[in-house]
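So for the sequence shown, our numbering puts the first residue at 13; every next one is plus one. From the three backbone atoms N, C-alpha and C, an ideal C-beta is built for every residue, glycine too. Beneath this line is the structure, given in structure tokens, with notes to follow.
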Amino acid sequence: MQSPDHFSHYRGRFAPSPTGPLHAGSLVAALASWLDARAHRGQWLVRIEDVDSPRTVPGADRVILSQLAACGLHADAPPVWQSTRTALYRAALDRLVAGALAYPCGCSRKDIENAMAADAPRARHAELRYPGTCRDGLHGKAARAWRMRTEGAAIHWQDRAAGPQAQDVQDAVGDFVLLRADGCFAYQLAVVVDDADQGISHVVRGADLLDNTARQIWLQQSLQLSTPQYLHAPLVLGANGEKLSKQNGAQAIDTSDPLSALNQAAATLGLPSQSGSVDHALSAWAAAWASTWVRPERQTRAT
Ligand code: GLU
13 MQSPDHFSHY RGRFAPSPTG PLHAGSLVAA LASWLDARAH RGQWLVRIED
63 VDSPRTVPGA DRVILSQLAA CGLHADAPPV WQSTRTALYR AALDRLVAGA
113 LAYPCGCSRK DIENAMAADA PRARHAELRY PGTCRDGLHG KAARAWRMRT
163 EGAAIHWQDR AAGPQAQDVQ DAVGDFVLLR ADGCFAYQLA VVVDDADQGI
213 SHVVRGADLL DNTARQIWLQ QSLQLSTPQY LHAPLVLGAN GEKLSKQNGA
263 QAIDTSDPLS ALNQAAATLG LPSQSGSVDH ALSAWAAAWA STWVRPERQT
313 RAT
């Protein structure tokens, strides 16, 4: 639990992966995190999550930053890039290894599929549930990746929007990857290290990451880091009823008309349409957001 004093140090963030420009779905996450920070009179940071270098599209980071600026979503500090922070992820992995909480794994994806006869996972950052083959040693195989032990990882937490949550990480995903076979640190480790290092008190992001949260809390507990408060915002669905993504045809937002892009994102968040300037619309939404999502004792100070 956070101490009440924690709220005076509100720090939130938007953490896009630069795999393409912002689309209607990613703008919802950006706007929700910005509104929550403003409604709490807190700080809002932008972190470019380019740790997954094979998926990173050159130049997409600059496009995202200019789209955010066009929408009036200005960060309170210069952005940081995960690709410059691998020493922090390495140090965290070393701590986990030293504590016997992480171990090398020699299994290929095919080995895991064969062991589990599993369907390919579809959720964002989902992984095949790992059967624990290398937990007690590599059995002569070469190390490919490093995994997190999940024995005892029965995680309970309260999401500000979705309510009480529970996940047994061992049952849901098994011992998950920290350092991938291609040498990239995994999203789960990087996000936990960065949220702690940047002093993030509140994480506001899309609901498709709700089921990643237990893995992140388990890592926080294992690294003795504090757990931020989480709010998972609604998703924009594509024509096929699935979450809007580049794969199902999401278009880059039209920054020649930022208010209309913002109005669409605000509607997804249940906020009324605004006209006039972008700054006026953002202030009106921040006030409305405060009345729904900020505890009463903070609201009077935030509006
Ligand atoms: N970069 C992550 C993604 O786009 C989101 C990270 C987060 O907000 O925790 O999937």
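Buried versus exposed call for R74 [16 or more other C-beta atoms within 10 Å across all chains shown] | exposed
Are there 16 or more other CB atoms within 10 angstroms of the CB of H214, so buried, or fewer, so exposed?
-> H214 should be labelled buried.
P28 beta carbon near the ligand GLU (any heavy atom closer than 7 Å) | yes
First and last residue of the beta strand (DSSP E) that includes I167?
-> A166 to D171
Helix, strand or coil for K153, going by three-state DSSP, please let me know.
-> Looking at K153 - three-state DSSP - the assignment turns out to be coil, as it is neither helix nor strand.
Whole angstroms is fine: what's the gap from V40's alpha carbon to A127's?
-> 39 Å
Inter-residue Cα distance where the pair is G24 and A81 = G24 and A81: Cα-Cα distance of roughly 17 Å.
Taking the C-alpha atoms as reference points, what is the distance between T280 and A49?
-> 18 Å
Per DSSP, K255 forms a beta bridge with which residues?
-> When DSSP reads this structure, K255 sits in a beta bridge with L249.
Those runs of the alpha helix (DSSP H) which lie wholly inside the region 86–117 and span at least 4 residues = 98–110, all fully within the region 86–117.
Considering only residues of the region 204–245, which uninterrupted beta strand (DSSP E) runs meet the minimum length of 3 residues and lie entirely inside it, listed in chain order?
-> Qualifying beta strand (DSSP E) stretches, in chain order: 214–218 and 241–245.
Locate the alpha helix (DSSP H) running through R50, then write down its first and last residues.
-> A36 to A51
Alpha carbon to alpha carbon, what distance is there between S287 and A165?
-> Rounded to the nearest whole angstrom, the CA to CA distance from A165 to S287 is 48 Å.
Any chance the CB of R67 is under 7 Å from a heavy atom of the ligand GLU?
-> no
Are the region 145–162 and the region 267–278 touching, with three or more C-beta to C-beta distances below 8 Å?
-> no
Are at least three pairs of beta-carbons, each pair with one atom in the region 193–203 and one in the region 167–185, less than 8 Å apart?
-> no
Any heavy atom of the ligand GLU closer than 7 Å to the Cβ of Y242?
-> No.
Give the straight-line distance between the Cα atoms of P33 and P70, rounded to the nearest whole angstrom.
-> In this model, P33 and P70 are separated by some 11 Å (Cα to Cα).
For P270, name the three-state secondary structure that DSSP assigns.
-> Here P270 sits in helix by DSSP.
The ligand GLU heavy atom lying under 7 Å from the CB of L221 = Checking every heavy atom of the ligand GLU against the Cβ of L221, one is found closer than 7 Å.
Sorted by chain position, which residues of the same chain lie with C-beta nearer than 8 Å to Q210's C-beta, five sequence neighbours on each side aside?
-> R23, R25, L57, R59 and V92
Have a look at L47 and G54 and give me their C-alpha separation to the nearest angstrom.
-> Distance between the alpha carbons of L47 and G54: 10 Å.
Cβ of R147 within 7 Å of any heavy atom in the ligand GLU?
-> no
Tell me whether the beta-carbon of G84 lies closer than 8 Å to the beta-carbon of A262.
-> Result no, Cβ atoms of G84 and A262 do not sit closer than 8 Å.
Looking only at DSSP bridge pairs, what is R60 linked to?
-> A quick correction: the sequence has Ile, not Arg, at residue 60. Answer is W93, bridged to I60.
Limits of the beta strand (DSSP E) - the one that A178 falls within = G175 to D180
Provide the residue(s) that pair with F26 in DSSP beta bridges, ordered along the chain.
-> V58
Keeping to the same chain, check which residues put their C-beta closer than 6 Å to that of A278; ignore five residues upstream and five downstream.
-> By the criterion of a C-beta distance shorter than 6 Å, A278 is surrounded in its chain by W297, once the five residues flanking it on both sides are discounted.
Would you mind stating whether D187 and R159 have Cβ atoms separated by less than 8 Å?
-> yes
Within-8 Å CB hit, Q210 to chain C = Protein chains in the displayed structure number just one, and chain C is not present.
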